[in-house]
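**Student:** Chains U and B, in that order, are what the protein sequence lines are.
Under my numbering, the first residue of the first sequence is numbered 1, with each subsequent residue one higher.
Under my numbering, the first residue of the second sequence is numbered 1, with each subsequent residue one higher.
All C-beta atoms in this analysis are idealised placements derived from N, C-alpha and C, irrespective of residue type, glycine included.
Shown below is the structure under consideration.
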Amino acid sequence: MITMSAQKNKIHPHKYSMWIAMASITMMFIGFTSAYIVKRSQANWQSFELPSIFWVSTALILLSSGTIHMALRQFKARNMGSYKQLITLTALLGVAFMVCQVIGFSDMKNHGLSLDSTVSASFIYVIVGAHVLHVLGGVIALLILFARAFRTRVKTYSAVPIEVASTYWHFVDGLWIYLLIFLSLAR
Amino acid sequence: MSNEATLHSQDLLHHGTVEHGHGNGHNGHDHHHEETFISKYVFSMDHKMIAKQFLITGIIWAIIGAFFSVLFRLQLGYPDATFPWLESILGHWAEGGRITAEAYYALVTMHGTILVFFVLTAGLSGTFSNLLIPLQVGARDMASPFMNMLSYWFFFLASVLMMSSLFVQTGPASGGWTAYPPLSALGDASIGSKIGMDLWLMSMAIFVVSSLLGSLNYISTILNMRTKGMSMTKMPLTIWAFFFTAVLGVLSFPVLLSGFVLLLFDRHGGTSFYLSELFVQGKILPNEGGSAILYQHLFWFLGHPEVYIIILPAMGIVSEVLAVNSRKPIFGYLAMVGSIFAITILAFLVWAHHMFVTGLNPFLGAFFVLLTLLIAVPSAIKVFNWITTIWRGNIRFTPASLFSIGFVSTFISGGLTGIWLGNSSIDIHLHDTYFVIAHFHIVMGVSAFFGMFAGIYHWFPKLYGRYMNQTLGFIHFWITLIGAYLIFWPMHYEGMAGMPRRYFDYSNWTSFSQFGGLNQFISFVVIIVFATQLLFVFNFFYSIFKGRKLTTPNPWEATTLEWTTPIHPGHGNWPGEIPEVHRWAYDYSKDGKDFIPQTVPVSADESSH
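So this is what it looks like as structure tokens:
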């Protein structure tokens, strides 16, 4: 028969898949940022300040990492009420982050840095835009968890989905910090 | 046993219901859903059915891709002749029975794209990784059967888009399978750069997603879902090969995707990532500051690992088939694993050898030459081990084993010319000539196809519970082997004489007119070999329904786990418990026994490998 204790020592395949997916996404952004470095060393490179609202969005996403971490702890403690509140808060922070990024885009555009103005601006749009899409994926995952938490017919108490979601959430957070530092330093 | 618990919790995840609990561990497949036609044959989550879906889709693509090569070989072999039937199938693309230059480039581009991605990536790795990983590591299914299903349907969607690009008015993409800008970035650059190119890019982006979903699953299944006793070093070499193939895919395809995203923005967003100072049709374009070489870096960072994504599964299949049919353990198991690993690492460090003549710094080029030539070491180890595996073996000549031996042959003869091309100085002369075509078709195209054929003949009994016809298999093998050499060997000489690839018509050059007869001969052989592949396709589909039935679950007397399942395994693979593994996969001719399955415990007087 099954010995569940033996299973516990093993990392769940879904968590493992998430780690590999994160490696894969990382490679995509390495592709973008190395293209950025190659272009930067060539002629006609114009540098400019990043929109200041990006710092607000950074604060938001850092905060959301904290809230999803607390949500996971509440879930494990079976405080389903505060768990629901916290993942809702996390998703809202994620949406607020995305809104800030879009405001940043329009800010750039108002300063004459539209998508097709100069290569350096184009890179910001594409890289930051690709990251926003990944945050959107995280928000959708949270919405699914949210819907599940309110489902009455079947209750699942497996922490795996929320653990996978929180790992991903911390990942897009870390990815943004990396991108912000990269884009600020390598202007 | 832990796999069952894993799968159990997985069902909870996917369906959120506990009604079909096989958490009690010892009655796997009979508790799965009632299967309808849709859930069994269409949106199946059974890895074996998904493997069949990949295989048959791949076969359809292979027929189309190979037929395209017949069409453009007609032009190359008989540049002055007209074939009225061409006009009836291609319409204005072959006015008067002779294909137009635009159609020629479209055919060449599609031939490359289809064969490299849709057949030899999805059709090969998709088929055999799906079929063999759960069966050979002892798992009921993939880590995420749902994602696995998505992987196929993304591939299907990519296929639909690519197929539809063949029917748009301006034709499919025609700038080469590498889709270099500016040809691929500017809609006005050529007729094939219009909507066909958009469909190509969309299709390829979706293909990348499909490949990633598949690879994620392969890796986590291999690392997490092995049965009790199946340590990594007890895995068959097929699994090792699929594992590193998936690692390559996961790490290199996203970089291609980022390249494609930038290309899409250049096409439609007005950006200048790859474009600078261009004239198109007499107009000066506003784009400035871009670099076309940047695309080549991003493309070849995938493009080179891609050739190993294609060849590694074939290597794994060949290792397994050769050991089984030589009745001998594979020679140098750990060296085989080590060399696959070395190839995987080196695959990421050699992309610029495709770019020696792009103005790459020669000093930098020297490093890429060195790293490229280093690949010869693990490749040679593998070849040596295959030969020593069959050396003095009790060889059973089946179509599968013949194709495996054929693989070793073509891998050697195609690999040796890689050493020529890997040298940047020789590459100055040989790049973009028929020498390159000969090299990569033999070492990657033909070899990977041979590995795929070996796999199909060998695991057909597992897929369909019947055998394929052996006689047709032998005919298929000999004509294909001889034909492949007759087609590609002469191209080396054409290439050394400087004959460039991707030209529509060579008859205006006196320097290449000497090859007119040779080109005719090559095209003639192409038609014969193509017809032989149709024979294989007939054999395949005929045998699904009418082939000789299996009477034993282990027809090849192999040691690996897939042959411990019933002849027609259900979803869940083993009706009872998943067997436990006690020994490595290659106990052939040990202690006077012909073979000892992996499930047999090591007896007291026997040394475990």
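Tell me, please, whether the region 191 to 209 of chain B touches the region 153 to 167 of chain B by the rule of three or more beta-carbon pairs shorter than 8 Å.
**Tutor:** Touching, per the Cβ criterion.
**Student:** Hey, would you say residue 330 of chain B sits closer than 7 Å to residue 448 of chain B, going by beta carbons?
**Tutor:** Contact: no.
**Student:** Apart from the five residues just before and just after residue 183 of chain B, which ones in its own chain have a Cβ nearer than 7 Å to its Cβ?
**Tutor:** Once the five neighbours on either side are set aside, the close Cβ partners of residue 183 of chain B are 175, 189, 190, 193.
**Student:** Go to residue 590 of chain B, then tell me how far its beta strand (DSSP E) extends in each direction, as first and last residue.
**Tutor:** That run of the beta strand (DSSP E) goes 588 to 590.
**Student:** Should residue 535 of chain B and residue 476 of chain B be called a contact, given that it needs their Cβ atoms to be closer than 7 Å?
**Tutor:** Against a cut-off of 7 Å, the Cβ pair of residue 476 of chain B and residue 535 of chain B comes out as a contact.
**Student:** By DSSP's criteria, residue 595 of chain B is part of a beta bridge. Which residues make up the other side?
**Tutor:** Answer is B/588.
**Student:** Is the region 295 to 307 of chain B touching the region 258 to 268 of chain B, taking contact as three or more C-beta pairs under 8 Å?
**Tutor:** With the cut-off at 8 Å, the region 295 to 307 of chain B and the region 258 to 268 of chain B touch.
**Student:** Does residue 279 of chain B come out as helix, strand or coil in the three-state DSSP assignment?
**Tutor:** Strand, per DSSP.
**Student:** Using a cut-off of 9 Å between C-beta atoms, extract the partners of residue 66 of chain U located in chain B.
**Tutor:** Going along chain B, no residue has its Cβ under 9 Å from residue 66 of chain U, so there is no contact; the nearest lies around 26 Å.
**Student:** Taking 7 Å as the CB-CB cut-off, is residue 32 of chain U touching chain B?
**Tutor:** Yes, its Cβ sits closer than 7 Å to a Cβ of chain B.
**Student:** Out of B/504, B/518, B/576, B/587, state which residue places its alpha-carbon closest to the alpha-carbon of residue 75 of chain B.
**Tutor:** Residue B/504 is the option with its Cα nearest to residue 75 of chain B.
**Student:** Ignoring anything shorter than 4 residues, give me the alpha helix (DSSP H) runs that lie fully in the region 404 to 453 of chain B, in order along the chain.
**Tutor:** Runs found: 424 to 430, 434 to 440.
**Student:** Counting Cβ pairs, one atom from each stretch, are 3 or more of them under 8 Å apart for the region 268 to 276 of chain B and the region 115 to 127 of chain U?
**Tutor:** Output reads yes: the region 115 to 127 of chain U touches the region 268 to 276 of chain B.
**Student:** Let me see if you follow: with CB-CB separation under 7 Å, is residue 83 of chain U close to chain B or not?
**Tutor:** It does not; no Cβ of chain B falls within 7 Å.
**Student:** Is there a Cβ of chain B sitting closer than 7 Å to that of residue 41 of chain U, yes or no?
**Tutor:** Chain B contact via Cβ: absent.
**Student:** Give a yes or no on whether the C-beta atoms belonging to residue 246 of chain B and residue 211 of chain B are separated by under 7 Å.
**Tutor:** Result no, Cβ atoms of residue 246 of chain B and residue 211 of chain B do not sit closer than 7 Å.
**Student:** On the three-state DSSP scale, how would you describe residue 466 of chain B?
**Tutor:** Reduced to three states, the DSSP call for residue 466 of chain B is strand.
**Student:** Strictly by DSSP, which residues pair up with residue 549 of chain B?
**Tutor:** Paired residue(s): B/466.
**Student:** Determine whether the beta carbon atoms of residue 159 of chain U and residue 84 of chain U lie at a separation below 7 Å.
**Tutor:** No, they are not a contact pair.
**Student:** Please work out which residues of its chain come closer than 7 Å, Cβ to Cβ, to residue 55 of chain B, disregarding the five sequence neighbours upstream and downstream, and give them in chain order.
**Tutor:** So the list reads 123, 127, once near-sequence residues are dropped.
**Student:** Could you spell out where the alpha helix (DSSP H) holding residue 225 of chain B opens and where it closes?
**Tutor:** Looking at the DSSP string, residue 225 of chain B is not in any alpha helix (DSSP H), and its letter there is neither H nor E.
**Student:** Out of curiosity, what's the CA-to-CA distance linking residue 167 of chain U and residue 86 of chain U?
**Tutor:** Approximately 16 Å between the Cα atoms of the pair.
**Student:** Is the Cβ-Cβ distance between residue 486 of chain B and residue 526 of chain B less than 7 Å?
**Tutor:** In this structure, residue 526 of chain B does not lie closer than 7 Å to residue 486 of chain B by Cβ.
**Student:** Where do the ends of the alpha helix (DSSP H) carrying residue 56 of chain U lie?
**Tutor:** Looking at the DSSP string, the run of the alpha helix (DSSP H) that includes residue 56 of chain U is 53 to 76.
**Student:** Measure the alpha-carbon distance for residue 131 of chain B versus residue 47 of chain B and round it to whole angstroms.
**Tutor:** Those two C-alpha atoms are separated by around 6 Å.
**Student:** Taking the alpha helix (DSSP H) that residue 252 of chain B falls in, what are its first and last residues?
**Tutor:** Start and end: 237 to 268.
**Student:** Along the region 100 to 121 of chain U, where does the CB come closer than 8 Å to a CB of chain B? Name the residues.
**Tutor:** Within the region 100 to 121 of chain U, the residues whose Cβ lies closer than 8 Å to some Cβ of chain B are 115, 116, 118, 119, listed in chain order.
**Student:** Quick one: grab the DSSP three-state call for residue 284 of chain B.
**Tutor:** Residue state, collapsed to three classes: strand.
**Student:** What do you reckon, are the CB atoms on residue 256 of chain B and residue 302 of chain B nearer than 7 Å?
**Tutor:** A contact, by the Cβ cut-off of 7 Å.
**Student:** Along chain U, in chain order, which residues have C-beta atoms closer than 9 Å to that of residue 453 of chain B?
**Tutor:** Those do not exist, as residue 453 of chain B stays about 31 Å from chain U at its closest Cβ, beyond 9 Å.
**Student:** So for residue 569 of chain B, helix, strand or coil by DSSP?
**Tutor:** Residue state, collapsed to three classes: coil.
**Student:** Leaving out the 5 sequence neighbours to the left and right, which residues in its chain are closer than 8 Å to residue 289 of chain B when beta-carbon positions are compared?
**Tutor:** Correct list, in chain order: 272, 276.
**Student:** Use the C-beta contact count for residue 184 of chain U: other C-beta atoms within 10 angstroms, 16 or more gives buried, fewer gives exposed.
**Tutor:** Residue 184 of chain U should be labelled exposed.
**Student:** Do residue 66 of chain B and residue 530 of chain B have their C-beta atoms within less than 7 Å of each other?
**Tutor:** It is a contact, given that the beta carbons lie within the stated cut-off.
**Student:** On the CB-based measure, 16 or more other CB atoms within 10 Å of its CB, does residue 37 of chain B come out buried or exposed?
**Tutor:** So residue 37 of chain B ends up on the exposed side.
**Student:** Under 7 Å between beta-carbons, which chain B residues line up against residue 20 of chain U? List them in chain order, please.
**Tutor:** Under the 7 Å cutoff, chain B gives 216, 219, 220, 250.
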